[in-house]
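Here the structure comes first, spelled out in structure tokens, and everything after it is commentary.
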Amino acid sequence: MLSERGVYGYSAVLMGSPILLKLFEHNEALVSRVFRLIKKYEDLLTVNRAQSEVMAINHAAGRAAVAVSAPVFALIKCALAASLVKDSCFNLAIGPLVKRWRIGFCGASVPSVEEIAALLPRTRPELVQLDQSAETVFLTQPGMEIDLGAIAKGFIADRVRDYLKSQGVTQGLINLGGNVQTLGSPPGGWSVGLKKPFSTVDSLVGTLLVENKSVVTSGVYERYFEQDGRCYHHILDPRNGYPLDNELDSVTIISTDSLDGDIWSTLIYGMGVEKGCAALRHQPGIEAIFVTKQREVICSSGHQFRFTLLDSDYRLVTDNIA
Ligand code: ADP
Ligand code: MG
Numbered sequence: 376m377l378s379e380r381g382v383y384g385y386s387a388v389l390m391g392s393p394i395l396l397k398l399f400e401h402n403e404a405l406v407s408r409v410f411r412l413i414k415k416y417e418d419l420l421t422v423n424r425a426q427s428e429v430m431a432i433n434h435a436a437g438r439a440a441v442a443v444s445a446p447v448f449a450l451i452k453c454a455l456a457a458s459l460v461k462d463s464c465f466n467l468a469i470g471p472l473v474k475r476w477r478i479g480f481c482g483a484s485v486p487s488v489e490e491i492a493a494l495l496p497r498t499r500p501e502l503v504q505l506d507q508s509a510e511t512v513f514l515t516q517p518g519m520e521i522d523l524g525a526i527a528k529g530f531i532a533d534r535v536r537d538y539l540k541s542q543g544v545t546q547g548l549i550n551l552g553g554n555v556q557t558l559g560s561p562p563g564g565w566s567v568g569l570k571k572p573f574s575t576v577d578s579l580v581g582t583l584l585v586e587n588k589s590v591v592t593s594g595v596y597e598r599y600f601e602q603d604g605r606c607y608h609h610i611l612d613p614r615n616g617y618p619l620d621n622e623l624d625s626v627t628i629i630s631t632d633s634l635d636g637d638i639w640s641t642l643i644y645g646m647g648v649e650k651g652c653a654a655l656r657h658q659p660g661i662e663a664i665f666v667t668k669q670r671e672v673i674c675s676s677g678h679q680f681r682f683t684l685l686d687s688d689y690r691l692v693t694d695n696i697a
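Numbering (this note's numbering), first residue to last: 376 to 697.
In structure tokens, the structure reads:
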């Protein structure tokens, strides 16, 4: 526990990431209840262990529908809807490809063209069947696997915010490693750093000031490996099975719910700057900051946050502001 100007910071390692909770009070009992809540949801959603509710669905692929708890069903329903949007780069059934690439885990390697071609048909979201009344999920082909890695943290960050609210907390921040969710508006707002891509020290491109908002970043520099001089990162293009390849180093989404931030960060990542900005013009509650390989920082709009550029290697481009 660390205290700085009345803000208490509590850290832990959960979901394979360093977690940070900030509160304006010193309350160890509340903190351990929050960390237990995170662990409870991690245990339901993980695909990095043999057993979880999601793994029970995966183990029964091609054989049987599996009943899951209400929050897991609701999350899968939401993930399926995002996966079925035309040209969506978000795909909850991406599991077989994620498992084969192993990006971010030891033993990562580039699959052969034949391996990718064999796995792609097992990743079609149309092959996921939900039964709303029974709350069951059925992967209709053997070898299919759901992977909620792109949205589990956002879902859990929202649950933490809701729990803190229910406990009468008016100001707090949870950082689940890439997903920040904030509650309330301390003097000056919550400051959230935007990491400099591929920087070895923890340098920032800039900072955002937000109140009651989630800030989610998906970046190619978060988890990747190199083979034969090429860099392969962990967000896969469901259309071809390879890491998404475009002008972006990262996308940050500012929204009320972190789950929306997670879904949109993957969707927008797939669209790139131009199509992404166009899509967000129809989504007033969702805003994006793009960081490109050309070292440009582009804000889709700026109603829910204030951005300050800190690194002079980067250029703030405002042409695209809607
Ligand atoms: P993190 O914030 O944990 O670094 P992201 O939220 O950017 O990660 O999501 C990346 C993770 O999502 C991958 O590690 C993988 O488990 C899963 N994933 C990869 N590609 C896709 C995709 N196209 N759609 C949905 N999930 C994906
Ligand atoms: Mg995400």
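Cβ atoms here follow ideal geometry from the backbone N, Cα and C, with glycine treated the same way.
It should be emphasised that the depicted structure is a prediction, and the values quoted were computed from it without experimental measurement.
{"Asked": "Local Cβ density within 10 Å of A697, reported as buried at 16 or more and exposed below that", "Found": "Because A697 sits at a pLDDT of 49, beneath the cut-off of 50, its placement in the model cannot be relied upon, and the following sentence gives the value as read from the coordinates. It is exposed - the Cβ of A697 has fewer than 16 other Cβ atoms within 10 Å."}
{"Asked": "Candidates V460, K668, V672 and R475, of which the one nearest A492 by Cα", "Found": "R475"}
{"Asked": "For R477 and Y599, the rounded distance between their alpha carbons", "Found": "10 angstroms"}
{"Asked": "Rounded separation between Y538 and L395 - CA only", "Found": "16 angstroms"}
{"Asked": "Any non-hydrogen atom of the ligand ADP closer than 6 angstroms to V590 Cβ", "Found": "no"}
{"Asked": "Under the three-state DSSP convention, the category H434 falls into", "Found": "helix"}
{"Asked": "Any non-hydrogen atom of the ligand MG closer than 6 angstroms to I468 Cβ", "Found": "For the sequence presented, residue 468 should be read as Ala rather than Ile. No, the ligand MG has no heavy atom inside 6 angstroms of this Cβ."}
{"Asked": "Under the three-state DSSP convention, the category K474 falls into", "Found": "helix"}
{"Asked": "When E428, S566 and E601 are compared against F573, the one with the closest alpha-carbon", "Found": "E601"}
{"Asked": "Straight-line gap, S522 to P613 (C-alpha atoms, nearest Å)", "Found": "Residue 522 is actually Asp in this sequence, not Ser. About 13 angstroms."}
{"Asked": "Three-state class that DSSP yields for V544 in the structure shown", "Found": "coil"}
{"Asked": "Cβ neighbours of L472 in the same chain (closer than 7 angstroms, five flanking residues each side left out)", "Found": "L494, T498, L611 and G616"}
{"Asked": "Reference K571; option with closest CA among G547, F399 and E597", "Found": "E597"}
{"Asked": "Backbone secondary structure at E510 - three-state DSSP", "Found": "coil"}
{"Asked": "8 angstroms contact criterion, which G391 and G529 should meet: CB distance rounded", "Found": "The pair is not a contact, with the Cβ atoms about 15 angstroms apart (cut-off 8 angstroms)."}
{"Asked": "Residues near F680 by beta carbon distance below 6 angstroms, same chain, minus five either side", "Found": "L583, V585 and I629"}
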